[in-house]
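Trainee: The following block contains the structure, expressed as structure tokens.
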Amino acid sequence: MLTSNIFDSYQLIDAGGKEKLELWNGIKLRRPDPMAIWPKNEEIDWNDCDGFYHRSNKGGGFWEYKKKLPEKWTVSYRELKFKVSPTGFKHTGLFPEQAANWDFIYETIMNANQEVKVLNLFAYTGAATMVASAAGASEVVHVDAAKGMVEWAKENRDLSKLNDHHIRFIVDDCLKFIQREIRRGRKYQGIIMDPPSYGRGPNNEVFRFEDEINPLIEGCLQLLSDDALFFIINTYTTGYSPTVMINTLKRQMAKRGISGNVMSDEIGIRIKDSLEVLPCGQTTRWTR
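Quick note on numbering: the working numbering labels position 279 of the sequence shown as 259, and the sequence is numbered without any gaps.
What follows is the structure, given as structure tokens:
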């Protein structure tokens, strides 16, 4: 299980009963989490929270606030700052388990001793984009189909004081963008891909993970430069084990004669004052 010990301004207080209790830079939120099927820690007062997201039986849900919260606030990772804001779909604009990948990206680029251009696909609010840029990437191309998420990412750039860094923000369908980059002959030393299980593109294109993952991987492999350092694929789709992703990536690599190391593992968050970890999907990494 991959976890991070660096993301100090976020803590997972407890998880259980299909919920999680989190501390986001002093603000305590209670949210659903279907993976946490074990009992809650009875020594923790789960009603002591600032915001409680109630899931509706009809889909979606709503926030109940125990006190007036700011519309947005920030959390810190290393020298970076990210905006947090509860949304109507229970999310906060940040997936804290990804700090395990941020650690890897940061250290890899910092120690690269070469130029590193990074492509971040399905880039959401851009935490990985900012980490790669802050670590010294000469260029980061940030692509997401949702204009609102790209605007949020620009806010994170400003909060992290990376305005003078070379970051390109693009609203586009990720597969179409990959195909255009291939035709343009573009190459990257690092690629990050965080595809959803299901989604829609800017022109209402339907995205299903099981249908799109192979063409996405095939396209990304064509964009890796000869001196590429890493290719990261995050998956949240249930039913696909790490072995499935290893097999998928290795088959695509074999078609293109690409060698290197492939690993895949669960990614998660350590529960405070416990050896337990809340699993939050998986990550697959290719390295040279």
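Each residue gets a CB set at the ideal place from its N, CA and C atoms; glycine is no exception. Model, not experiment: these values are computed from the prediction.
Would you call Met90 buried or exposed, if buried means 16 or more other Cβ atoms sit within 10 Å of its Cβ?
Mentor: Numbered from 1 along the sequence shown, position 110 holds the residue referred to as residue 90. Met90 counts as exposed, since fewer than 16 other beta carbons sit within 10 angstroms of its beta carbon.
Trainee: Shortest alpha-carbon distance to Val151 belongs to which of Gly248, Glu51, Lys127?
Mentor: Here residue 151 is taken as the residue at index 171 of the sequence shown, counted from 1. It is Lys127.
Trainee: For the beta strand (DSSP E) containing Phe149, list its first residue and its last residue.
Mentor: Position 169 of the sequence shown, counted from the start, is the residue given in the question as residue 149. From DSSP, the beta strand (DSSP E) with Phe149 extends over 147 to 151.
Trainee: Whose CA, out of Leu101, Pro66, Gly261, Gln(-9), lies closest to the CA of Ser171?
Mentor: Your numbering for residue 171 matches position 191 in the sequence shown. What sits at residue 171 in the sequence shown is Ile, not Ser. Ile171 has its Cα closest to that of Leu101, out of Leu101, Pro66, Gly261, Gln(-9).
Trainee: Using the three-state DSSP reduction, which class does Tyr178 fall into: helix, strand or coil?
Mentor: Residue numbering aside, residue 178 sits at position 198 when the sequence shown is read from its first letter. The answer is strand: DSSP assigns Tyr178 an E or B state.
Trainee: To which residues does DSSP link Thr223 through a beta bridge?
Mentor: By 1-based counting over the sequence shown, the position of residue 223 is 243. DSSP, once it has assigned bridges, lists no residue as partnering Thr223.
Trainee: Rounded to the nearest angstrom, how far is the Cβ of Ser(-16) from that of Ala79, given a contact under 8 angstroms?
Mentor: Translated into the one-based positions of the sequence shown, residue -16 becomes position 4. Translated into the one-based positions of the sequence shown, residue 79 becomes position 99. The Cβ separation is near 4 angstroms, so the contact holds.
Trainee: Could you pull out every residue in the same chain whose Cβ sits closer than 8 angstroms to the Cβ of Gly240, ignoring the five residues on either side in sequence?
Mentor: On the sequence shown, position 260 is the one that residue 240 refers to. Excluding residues within five positions, the ones whose Cβ falls inside 8 angstroms are Met233, Trp266, Thr267, Arg268.
Trainee: Looking at C-alpha atoms only, which residue of His145, Met129, Ala125, Trp4 is the closest neighbour of Val111?
Mentor: As a first step, residue 111 must be located in the sequence shown, where it is residue number 131. The candidate whose alpha carbon is nearest that of Val111 is His145.
Trainee: For the alpha helix (DSSP H) containing Val123, list its first residue and its last residue.
Mentor: Taking the sequence shown and counting its residues from 1, one reaches residue 123 at position 143. Per DSSP, Val123 belongs to no alpha helix (DSSP H); it is in the beta strand (DSSP E), 119 to 124.
Trainee: Please report the residue range of the beta strand (DSSP E) in which Gln(-9) lies.
Mentor: Walking along the sequence shown from the start, residue -9 turns up at place 11. Where Gln(-9) is concerned, the enclosing beta strand (DSSP E) stretches over -10 to -4.
Trainee: Return helix, strand or coil for Thr67, following the three-state DSSP convention.
Mentor: Translated into positions along the sequence shown, residue 67 becomes position 87. Reduced to three states, the DSSP call for Thr67 is coil.
Trainee: Going by beta carbon distance, what residues of the same chain come within less than 6 angstroms of Glu2, once the five residues before and after it are set aside?
Mentor: Your numbering for residue 2 matches position 22 in the sequence shown. Excluding positions up to five away in sequence, the list reads Leu(-8), Leu9.
Trainee: Given Arg148, which residues of its chain have a CB within under 8 angstroms of its CB, disregarding the five upstream and five downstream residues?
Mentor: Translated into positions along the sequence shown, residue 148 becomes position 168. Around Arg148: Glu119, Val120, Val121, His122.
Trainee: Please report the residue range of the alpha helix (DSSP H) in which Gly40 lies.
Mentor: Counting from 1 along the sequence shown, the entry for residue 40 is found at position 60. Taken as a continuous stretch (DSSP letters only), Gly40 belongs to no alpha helix (DSSP H), as it is neither H nor E.
Trainee: Per DSSP, Arg160 forms a beta bridge with which residues?
Mentor: As a first step, residue 160 is located in the sequence shown; it is residue number 180 there, counting from the start. In DSSP, Arg160 forms no bridge with anything.
Trainee: In whole angstroms, what separates the C-alpha of Thr88 from that of Gly199?
Mentor: Position 108 of the sequence shown, counted from the first residue, corresponds to residue 88. Position 219 of the sequence shown, counted from the first residue, corresponds to residue 199. Distance between the alpha carbons of Thr88 and Gly199: 23 angstroms.
Trainee: Helix, strand or coil for Glu23 per DSSP?
Mentor: Taking the sequence shown and counting its residues from 1, the one referred to as residue 23 is at position 43. Residue state, collapsed to three classes: coil.
Trainee: Counting only the same chain and skipping the five closest in sequence on each side, list residues whose C-beta sits under 7 angstroms from that of Lys47.
Mentor: Locating residue 47 in the sequence shown gives position 67, counting from the first residue. So the list reads Asp30, once near-sequence residues are dropped.
Trainee: Would you tell me roughly how many angstroms separate the C-alpha atoms of Lys61 and Leu139, rounded to the nearest one?
Mentor: The residue given as residue 61 occupies position 81 in the sequence shown. The residue given as residue 139 occupies position 159 in the sequence shown. Roughly 6 angstroms between the two C-alpha positions.
Trainee: Helix or strand or just coil, what does DSSP make of Val96?
Mentor: The residue you call residue 96 lines up with position 116 of the sequence shown. The answer is coil: DSSP assigns Val96 none of H, G, I, E or B.
Trainee: Helix or strand or just coil, what does DSSP make of Arg11?
Mentor: To locate residue 11, count along the sequence shown from 1; it is residue 31. In the structure shown, Arg11 adopts extended strand secondary structure according to DSSP, grouped into three states.
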